[in-house]
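Visitor: Take this structure first; my questions come after.
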Amino acid sequence: MPELPEVETTVRGLRPVLEGQTLTSVEPRRADLRFAFPADLRQRLTGARVTGLGRRAKYGLIATDRGDTMIFHLGMSGRWRLDPSDIGKHDHLLLETGEGRRLSLNDPRRFGSVDLFPTEKLVDYPAFVAMGPEPLGPEFTPAYLARALEGRTAPIKALLLDQRVVAGLGNIYVCEALHMAGISPTRAGGRIATKRLEALVPAIRAVLEAAIEAGGSTLRDYARPDGELGYFAKQWRVYGREGEPCLCGQTVKRRVDSGRSTFFCARCQR
DNA sequence: CAGATCCTGTCT
DNA sequence: AGACAGGATCTG
């Protein structure tokens, strides 16, 4: 679920439900996820009106007229459920709006998080301070990336997963973008030819945009009562395809680096 | 840098 | 029983 495109489609799905609405009920059902909820979460949000929704990297942002922004992260297994018909043990935070819509933050693995921070100081939110540019934003250019990777000996895959280099990429889209750009995941970041770097930036954009577009089509399901945000169609070229043929005919390989699977084609990627 | 860690669920 | 999972952060 939650890399940048999934968070983006989640925010887009939440927007029509929450924007302009008063939060009539805010009910944490446990004290923490990855870290503690703000102790006064309920008090600070109940009665507040949602003024807007946004996203920074993989974080969703829900701004209110109280000067606070609720910052949520979906971790590995988080999702928002809309008008759930039942509340289970993994529904950790319940919201209700003035219109009577109900939302539940469901997260079995509890790697997600919920926090509050002053809206005007959002750039100072600890997780945002050292973050790199948005991969879909104007700052993310081949020139920027060349500079960020200059002299780096770490594998390009690890560097693209580093949110300080570029913020929002996860395991799936890094594998896909590297395949699209023809770059080996193990190549040292500082040793990528300019021409390949110039292919990598648009590849990252294209992969994310396609996923957002595909995710958008699940919004219909999302908006359905008791619906859930589904996975977008698995149109991946290498991710999860170990042993299957690449488009070139070569078999897709999997390797494990720092405990994470990398899928790649040794013929297409150098 | 790699590795462990936080959790639960699912699939071999 | 063991491997593995879309993340982030801390420790050697």
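Using the working numbering, the first residue of the first sequence is number 2, and each one after it goes up by one.
Even glycine gets a Cβ: it sits at the ideal position worked out from N, Cα and C.
What is the residue span of the beta strand (DSSP E) that A159 lies within?
Guide: That residue, A159, is in no beta strand (DSSP E); its alpha helix (DSSP H) goes I157 to L162.
Visitor: With distance defined between alpha-carbon atoms, name the residue in L46, V124, W237 and A178 nearest to T25.
Guide: Residue L46 is the option with its Cα nearest to T25.
Visitor: Would you kindly check if the distance between the Cβ of F141 and the Cβ of V202 is under 8 Å?
Guide: A contact, by the Cβ cut-off of 8 Å.
Visitor: Quick check on the burial criterion: 16 or more other C-beta atoms within 10 angstroms. Buried or exposed for T195?
Guide: So T195 ends up on the exposed side.
Visitor: Per DSSP, what kind of secondary structure is K196 in: helix, strand or coil?
Guide: DSSP places K196 in helix when its eight states are reduced to three.
Visitor: For the beta strand (DSSP E) that contains E115, what are its first and last residues?
Guide: At residue 115 the sequence reads Val, which differs from the Glu that was named. S114 to P119 is the span of the beta strand (DSSP E), which, as asked, contains V115.
Visitor: Helix or strand or just coil, what does DSSP make of M77?
Guide: The answer is coil: DSSP assigns M77 none of H, G, I, E or B.
Visitor: Go ahead and pull the three-state DSSP assignment for G250.
Guide: The answer is coil: DSSP assigns G250 none of H, G, I, E or B.
Visitor: Let me make sure I understand the geometry here. Which of G61, E28, A40 and E97 has the alpha-carbon closest to that of E7?
Guide: If we check each option's Cα against that of E7, G61 comes out closest.
Visitor: Using DSSP bridges, identify the partner residues of R242.
Guide: DSSP lists no partner for R242.
Visitor: Counting only the same chain and skipping the five closest in sequence on each side, list residues whose C-beta sits under 7 Å from that of E100.
Guide: For E100, where only same-chain residues beyond five positions count, the Cβ hits under 7 Å are Q22.
Visitor: Can you tell me whether DSSP reads Y60 as helix, strand or coil?
Guide: Strand, per DSSP.
Visitor: Evaluate the contact criterion for the region 240 to 252 versus the region 155 to 165: three or more CB pairs, one atom per stretch, below 8 Å.
Guide: At 8 Å Cβ cutoff, the stretches do not touch.
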